[in-house]
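Report on the structure given below.
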Amino acid sequence: DIDEARKELEAICSEEKTFSVKSCIGHIVAAAAFTVFFNGTALDALAAAPIGLIIYLMNAYIKARGMSRLFFTALTSAIAGSLALIFVHFGFGKNPGTIMIGDIMLIIPGLMLINSVREMLCGDIMSGLLRLLESIIIAMSIAVGFAIPLMLSGYIL
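Residue 3 is where the sequence shown starts when you use the numbering used here, and the numbers rise one by one after that.
Next comes the structure, spelled out in structure tokens:
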């Protein structure tokens, strides 16, 4: 019945996100692993891990508050970039670039990009193009978010 389906959908949408240990550990391990994969040191991976945890916490508790996805992505990127620079400044990491790359990988809208290509190949050109454009705009907000702390700290002029 349509009314029952609508009630179920509203119940699912109104549920608050709960803390998932598996997802939290996944974020931590993925951030550290991507950092090492992109030629980071073990110290860089140890610095990327808590930033991955913070990205998970932001996704779990702030994103659900109705914030714009673009602003949320830029904010998450700026905080992650700032933390990477802070960790390196205090000697807990050597290369902020590799730490940032490891953390960027958690934010990149890869699934959205793949789905957009799939939709275009299946003949849904308009929806595929819209998803592609959205993923490009989100990638730009990631770049802006990471560029802000780099510019403020003097790494990029």
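Ideal placement from N, C-alpha and C gives every residue a C-beta, glycine not left out.
What you are looking at is a predicted structure, and each value in this text was computed from that prediction instead of being measured.
Which of helix, strand or coil DSSP assigns to residue i
i: N41; result: coil
i: Y63; result: helix
i: G28; result: helix
i: I139; result: helix
i: G147; result: helix
i: L94; result: The amino acid at residue 94 is misidentified as Leu; the sequence shows Phe. Coil.
i: G130; result: helix
i: I57; result: helix
i: F21; result: coil
Residue interval of the alpha helix (DSSP H) (run including residue i)
i: D3; result: Where D3 is concerned, there is no enclosing alpha helix (DSSP H), given that its DSSP letter is neither H nor E.
i: A99; result: The question names Ala, but residue 99 in the sequence shown is Gly. 98 to 106 is the span of the alpha helix (DSSP H), which, as asked, contains G99.
i: F74; result: 71 to 91
i: G156; result: It is not in any alpha helix (DSSP H) - G156 carries neither H nor E in the DSSP assignment.
i: I116; result: 112 to 123
Euclidean distance between Cα positions of residue i and residue j
i: I14; j: V146; result: 33 Å
i: K9; j: F40; result: 46 Å
i: I4; j: P98; result: 52 Å
i: G33; j: A86; result: The sequence as given places Ala at residue 33; Gly does not occur at that position. Each residue's alpha carbon lies about 12 Å from the other.
i: L59; j: L132; result: 29 Å
i: S70; j: I138; result: 16 Å
i: N37; j: A82; result: A small fix is needed here, since residue 37 is Thr in this sequence, not Asn. Their Cα atoms are separated by approximately 13 Å.
i: G93; j: L134; result: 39 Å
i: S143; j: G156; result: 20 Å
i: L152; j: G125; result: 41 Å
i: M122; j: G130; result: 5 Å
i: L2; j: H29; result: In the structure displayed, the chain extends from 3 to 159; residue 2 sits before or after that span and is not available.
i: F89; j: L11; result: 42 Å
i: V119; j: M128; result: 11 Å
i: S22; j: A35; result: 20 Å
i: L48; j: G42; result: 10 Å
i: I150; j: S79; result: 9 Å
i: N117; j: E136; result: 12 Å
i: H91; j: G112; result: 31 Å
i: C26; j: E6; result: 33 Å
i: G95; j: S84; result: 13 Å
i: F73; j: D46; result: 27 Å
Interface flag, residue i vs chain B, CB-CB below 8 Å
i: I57; result: Protein chain content of the structure displayed is limited to a single chain, and chain B is not contained in it.
For this session: State whether the stretch 83 to 102 contacts the stretch 50 to 67, with contact taken as three or more CB pairs (one from each stretch) at a distance under 8 Å.
Result: yes
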